[in-house]
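Report on the structure given below.
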Amino acid sequence: MKRFKLTTLCMLSMGMGQWAFAETERSTLPKFQAKDIPTQCDAKIADVKTKLAEFAKVKLKNNAPAGAVLAKWDQIFAEFEDFYGPINLASNVDPSADLRKAAEDCEVKISQFQTEVYQDGKLYQQIKKTKASDEIDRKYRQDILDGFEDTGVQLPAEKQARLKVILDELTKIQQEYARNIRDNPEKLEFTPAELKGLPESYIANLKKNEKGNYLLGFDYPEYRPFMELADSDDARKRYQIAYTRRGTEKNLVLLKQAIDLRHELAQLFGKASYADWALKNRMAKNPETVNKFLNEVHSTVAPLEKKEVQTLREFKAKTLNIPVEKAEINRWSEGYWSEKLRQEKYKIDQEKMREYFPTQASQDWLFAISSNLYGIEFKPAKVDVWQDEVEYYDVTDRKTGQLLGGLYIDKFPREGKYGHAAVWGVKGGSTLTQRKPISALVTNFNRKGLNSDELETFVHEFGHALHGILSNTRYASQSGTSVERDFVEAPSQMYEEWARRKETLSTLADYCKPVCPRVDDELIGKLKAVKNYGRGLFYSRQTLYAQYDMALHTADALKTQPLDVWKKLENQTALGYVPTTEFPGQFGHIMGGYQVGYYGYMWSEVMALDMLSAFGDNLNNPEVGARYRKAILSQGGQKKAEQLVVDFLGREPDNKAFFQEITGQRD
Ligand SMILES: [Zn+2]
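Each residue of the sequence shown is one higher than the one before, starting from 5 at the first, in the working numbering.
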């Protein structure tokens, strides 16, 4: 899922660092008070402004050595990040709605200010005058210049002004869209009969009204199990439709506004489409390459999807003793019948899996396998946190004992909290200033235990957190996850494999208190079969999302109606479009920084599976782990992603493992 929120389009080139003192001690996140945020926000921006004014005044000759100038630039933004990093996190996770709102208002100001900075020709010229003397400086210098150029520093004044309006507007639209989903208070009422099929433990946690009916909202832990287990087809249908409409119709309007504004933005730069503009600094480079990749995936998985739906229909017909022609599979019943088939064919009950993967034991296990692989340690410490259940850990290097960074973990759902799983790279690290990175891992897990999907999610997000914390870059701006957006998922996707293989999973039971069943060969085989079974449906869905994202950002964007495009594309899939659903109103990715980026999940996976091959048959090999830590994780965005992969693998990346994966043929 999303690892951080980009409040502006140029956030990637903004960074962190510190003034001259060295940070060898733990640094933690500040606690905010809602009422103080507006003043703090203004003061911080004013402070950065002053420093930048000084920066602009420094007399530089042409070809001035870049090192000192870049270091200064990085420091200024590191100090800024000390404030906006935590603000960005707070706006998503703080328990107080007032504080979240105050933080969001501040984000708007920050984003406006960032645009101002990156449209400032004097600052641009200062960087432009420098000459880099090594690859790291050359890359960082170019990243900063790209940030300026993408914010229109070279455009004529009136276009520049228009661009600023567009960027400000996009930030507000993006926030409103997210808020409409997150703060939707709607609860659906279900009778006890409609909950048949769901386990006692699930029902016990639900709210009831005076009529004795249950009230369900849109949090994952409530929605997901319902769609897989509730026997009532009508109830699932009602819930599914409401779920896709949870962004409300307002969000369809906001999405259209965003698409139009992005198109206009691209045109200011003389680009035919927003996709052309957005892809120029990614691994994929242009829409043609992305579309070609997606078409290839589509033609590979579409027949598989059809076959899987047919299997589900036959299974349903047999179970209900009805003719196959009458056994329909719909969006709201696909999850249910898949789960039933899983239970029958593979004897895997996802709810039962929670006994194998208790939440706390899963975390302790994850710490242990990561410690072994990368030679690190996690040490809990008591620090100020935004909510009582949030945990904090120092992450240290086992060999040197040195503090590497800090990890916050916020695991359980609560009202108003960000509803998915994500990692915020709150602070980046820098070897120049000994600045230590901080990551915050946010999930919405069941308290007792995880099913196998959730365990994968945990490991995936942990991969993002480690990418941040094990970063060892010269500049904070290039720390950890500051890589190309179509590579950023790769380390996390690769790490998911650690939640699938026996050599890693079988040790999880060592961390259970009290005892829990141990994962054995039989279960591993079943989990694998289950995973392979759903490949067609899963990758078709991913391809649909990615193609939809691309379809919204073509040269014809102004004529495009988001819901119409969605209906058309979803209708071409095996399960079709469900009337009255409004998926685009709650497709957070394309409004939250992953626009023209959804393909990146599969693009990254190509890299992830290729890199995974270096581990061979032993995922617990600390030698490969050390090599990977050095070549990939520690490098952040200091090098281009393609170079990182070549450095690690010793050859050009290829997509063989990925195509084996999506067709269920990977060993
Ligand atoms: Zn992710």
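Note that the Cβ used here is the ideal one computed from N, Cα and C, for glycine as well.
Excluding its 5 nearest sequence neighbours in each direction, Asn290 has C-beta neighbours in its own chain below 6 Å: Leu283, listed in chain order.
The Cβ neighbour count for Ala385, taken over all protein chains shown within 10 Å, is under 16; the residue is labelled exposed. For Leu219, the beta-bridge partners assigned by DSSP are Glu193 and Lys211. The beta carbons of Ser374 and Leu470 sit closer together than 8 Å. For the 8 Å CB-CB criterion, Asp398 and Gly410 form a contact.
The C-beta separation of Leu541 from Glu338 comes to about 7 Å, placing the pair in contact by the 8 Å criterion. Across the structure, Phe84 and Gln130 are spaced so that their CA atoms are roughly 20 Å apart.
Taking 7 Å as the cut-off, one finds no heavy atom of ligand 1 near enough to the beta carbon of Glu332. Three or more Cβ pairs closer than 8 Å define a contact, and the stretch 635-654 falls short of that threshold against the stretch 570-586. Gly429 sits away from Gly467, with the two beta carbons spaced by 8 Å or more. Taken through DSSP and simplified to helix, strand or coil, Tyr412 comes out as strand. A distance below 7 Å between beta-carbons, with the five flanking residues on each side excluded, links Ala38 to the following residues of its chain, in chain order: Ser100, Asp102, Leu103 and Ala106. When the alpha-carbon of Asp353 is set against those of Leu531, Asp223, Asp150 and Asp147, the nearest one is in Leu531. Counting along the chain, Tyr224 sits inside the alpha helix (DSSP H) bounded by residues Tyr224 to Leu233.
The beta-bridge partner set that DSSP reports for Gly453 consists of Pro362.
Taking 7 Å as the cut-off, the C-beta of His468 counts as close to a heavy atom of ligand 1.
At the C-beta level, Ala578 and Glu309 come within 8 Å of one another.
The DSSP-derived three-state label of Arg346 is helix. A direct Cα-Cα distance of roughly 38 Å separates Asp658 from Tyr247. For Pro160, the three-state secondary structure derived from DSSP is coil.
Contact between the stretch 119-138 and the stretch 60-76 is present: 3 or more CB-CB pairs across the two stretches fall below 8 Å. Between Asp414 and Val97, the C-beta spacing is below 8 Å. Residue environment for Lys440: buried (at least 16 other C-beta atoms within 10 angstroms of its C-beta). The criterion of a C-beta distance shorter than 8 Å is satisfied by Gly251 and Ile185. Taking non-hydrogen atoms of ligand 1 into account, the C-beta of Ser496 is found less than 7 Å away from one of them. Going by DSSP, Pro417 is part of no beta strand (DSSP E) at all; its letter is neither H nor E. For Lys634, the enclosing alpha helix (DSSP H) begins and ends at Pro626 to Ala635. Distance from the CA of Thr485 to the CA of Val492, rounded to the nearest whole angstrom, comes to 6 Å. Pro203 and Leu377 do not touch by the CB rule: their CB atoms are close to 35 Å apart, not below 8 Å.
By the Cβ test, the stretch 115-128 is not in contact with the stretch 612-630, since fewer than three Cβ pairs between them sit closer than 8 Å.
Listed in chain order, the alpha helix (DSSP H) elements of length 4 or more contained wholly in the stretch 500-540 are 506-509 and 525-537. Nearest to Asn188 by alpha-carbon distance, out of Ala165, Leu167 and Asp223, is Asp223. Taking 7 Å as the cut-off, the C-beta of His557 does not count as close to any heavy atom of ligand 1. The beta carbon of Ala365 sits closer than 6 Å to the beta carbons of Tyr515 and Cys516 from its chain, once the five residues preceding and following it are set aside; these are given in chain order.
By the neighbour-count definition (other C-beta atoms within 10 Å, threshold 16), Thr363 is a buried residue. Residue pairing for Glu83: DSSP places it in no beta bridge.
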